[in-house]
Structure formats: structure tokens, C-alpha cells
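All the letters of the sequence shown, read from the start, carry residue numbers 199 to 440 under the working numbering. Since the structure comes first, as C-alpha cells, the remarks are kept for the end.
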Amino acid sequence: MKLNIFANPNLLHEAAAQTIVRLLRQKPDAVLGLATGGTPVGIYEALTAAVRRREVSFARAASFNLDEYVGLPPDHPASYRFYMDQHLFRHIDIPPERTHIPDGCAADLERECERYDRLLQAAGRIDLMLLGLGHNGHIGFNEPGRALHSKTHVAVLHPQTREANARFFCTPEEVPTKAITMGLGSIFSARTILLVVKGNDKADIVHRALTGPITTECPASLLQLHPRLVVMLDEGAAARFK
Ligand code: F6R
Numbered sequence: 199m200k201l202n203i204f205a206n207p208n209l210l211h212e213a214a215a216q217t218i219v220r221l222l223r224q225k226p227d228a229v230l231g232l233a234t235g236g237t238p239v240g241i242y243e244a245l246t247a248a249v250r251r252r253e254v255s256f257a258r259a260a261s262f263n264l265d266e267y268v269g270l271p272p273d274h275p276a277s278y279r280f281y282m283d284q285h286l287f288r289h290i291d292i293p294p295e296r297t298h299i300p301d302g303c304a305a306d307l308e309r310e311c312e313r314y315d316r317l318l319q320a321a322g323r324i325d326l327m328l329l330g331l332g333h334n335g336h337i338g339f340n341e342p343g344r345a346l347h348s349k350t351h352v353a354v355l356h357p358q359t360r361e362a363n364a365r366f367f368c369t370p371e372e373v374p375t376k377a378i379t380m381g382l383g384s385i386f387s388a389r390t391i392l393l394v395v396k397g398n399d400k401a402d403i404v405h406r407a408l409t410g411p412i413t414t415e416c417p418a419s420l421l422q423l424h425p426r427l428v429v430m431l432d433e434g435a436a437a438r439f440k
């Protein structure tokens, strides 16, 4: 594991974005695994700026997002398709047909999960998987529990996850109770995993995930086993590492 601690969020966003820029320069047709939520917004801004400066092109890249809420159509402002379009895709030159996000409104969710896995398989290995971390140790929407899934599946969101994500909705009741998420097997098969964590409120969980026991009760703890894990923390999230 490579652990990098940054003095301020801007330095962290720039470093994470540059990791992706370097990858795309070496491998223009790289397959990227992408996350949503508060953490990557600054990284996507830095990537947008790099594309504007013509430092990098996404024209031959492909992307697979980790997850999507069940029941939210792509034009719902809290859907992850809407988020990705707003924060990244419409500002860069990635062909829309090479951006993949599960369809949370599919009539048959099981079949949608299978379709997503087939797409992932056809794309080959994910070159770089960008991950955030939930307060309860989730990655994607792989929530703590007695067992974890390897493949894409429908996950029931933990009350803590719904509470944390209520900030993106008008009322807490509107937060969907389920999501489609990539499984741990797909996340783990990525050549490189880039875990980005910010804020003092995540200091305990990121420390537990990276130094504590490996357990399904903290899905991110499995990342300790990945051969190429890069961790980027701001000062707040790194508080327990000092
Ligand atoms: C988002 C995702 C989640 C988030 C996590 C942290 O696609 O899969 O695992 O990365 O909930 O969210 P933020 O960054 O909002 O704290």
C-alpha cells in the first residue's frame, strides 16, 4: 500500500487527477472505474481543467461507475448518471457510449446486474478504480454484513449511508433504500485501486479499514489485500496515522 497525505484538499485533488492523467497518457484506451459522492468532485474539476489545457484526452477511454440508486431516472438531480454528467462527462471528451452506469430504473434489476457484469467483462480489466469510503466502511455500496458479494448486485442501503447521503436530496425520506453496486470481485480485479478519503469524520474508519482486522463488517478492510492500493488522505482523514 502506498499512503500519501496532503496538506490541503486542492493538493489531494490535483494528485489524484494527475494519477489518472498519467495513466491515460500511457494508455489512452484505459478502463476507469469511477465513484460519485462528495469526495471526487474536486478530482473531477481538476480532470476537467487538465482536459481544457489539452494535457490529456479521454477520447479512447471507457468508464464504469460503481453504483446507481434504484428507482432514480438519469435526469433526477440526485442520480449518479446526472452527477457524472454534471461533474465530469459533459466537460471532457469521453464518448458518451463508453460511459457506463447501472440502470437503476431497469424493469428487471437482476438482469440489469448481469448485463453490467457482462459489459465489465467485455471491457477487460479496470485499469484504475477510484474509490471513496463510507463512514461505516462501505466501498461502492458494498455495506458491512456477514457476507459480501463478488458481482454486481442490488444492495439494501444501511441507515447510516442513507443518512449521510440525505444531503443530496430535498428530504431524508427521498433517499432510495436500494442501489445497484459493483461487487467486491469487480472492484478487486482492478489493476490499481485509488482510495481517496477526506475529512476528520472519516479518520477512525480509514484507520480501521487499513490497519485493523480484515472483515466483512468493514468491507474496505479487504483493500489491505490488494497488490496495488494507492491511498490519498487529507490531513483530517489522516489524523490517526500520525
Ligand atoms: C459512490 C460510492 C460510495 C462513496 C462513499 C463516500 O459512488 O460508491 O461508496 O464513495 O459513500 O461518499 P462521500 O464521498 O460523499 O463521503
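Glycine included, each C-beta is placed from N, C-alpha and C at the ideal position.
query                                                                                              : result
Whole-Å CB distance - L331 paired with I412, under 8 Å assumed                                     : Actually they are not in contact, since the Cβ atoms of L331 and I412 sit about 15 Å apart, beyond 8 Å.
Check: I337 C-beta below 8 Å from any heavy atom of the ligand F6R                                 : yes
Selection from V395, G434, R438 and G383 that minimises the alpha carbon distance to H424          : G383
Inter-residue CB distance, R389 and R323 (contact presumed, cutoff 8 Å)                            : 6 Å
A211 (DSSP reduced to helix, strand or coil)                                                       : Looking at the sequence provided, one finds His at residue 211 rather than Ala. If DSSP states are grouped into helix, strand and coil, H211 belongs with the helices.
C-beta atoms of V268 and G235 nearer than 9 Å                                                      : no
Cβ-heavy atom distance, R330 to the ligand F6R, below 8 Å                                          : The question names Arg, yet the displayed sequence has Gly at residue 330. G330: yes, Cβ under 8 Å from the ligand F6R.
Length at least 3, wholly inside the stretch 314–395: the beta strand (DSSP E) runs in chain order : 326–329, 351–354, 376–379 and 390–395
Rounded separation between S348 and R316 - CA only                                                 : 14 Å
Contact test: Y314 Cβ vs the ligand F6R heavy atom, cutoff 8 Å                                     : no
Residues near K225 in its chain [Cβ-Cβ closer than 8 Å; skip 5 each side]                          : D325
Residue span of the beta strand (DSSP E) that contains G235, given as start and end                : Where G235 is concerned, there is no enclosing beta strand (DSSP E), given that its DSSP letter is neither H nor E.
Residues sharing a beta bridge with T297, DSSP                                                     : S261
Backbone secondary structure at E266 - three-state DSSP                                            : strand
9 Å Cβ cutoff, R389 in contact with chain D                                                        : Looking at the structure shown, chain D is missing, and only one protein chain is on hand.
Residue environment, C416, which counts as buried when at least 16 other CB atoms sit within 10 Å  : buried
R279 and E266 closer than 9 Å at C-beta                                                            : yes
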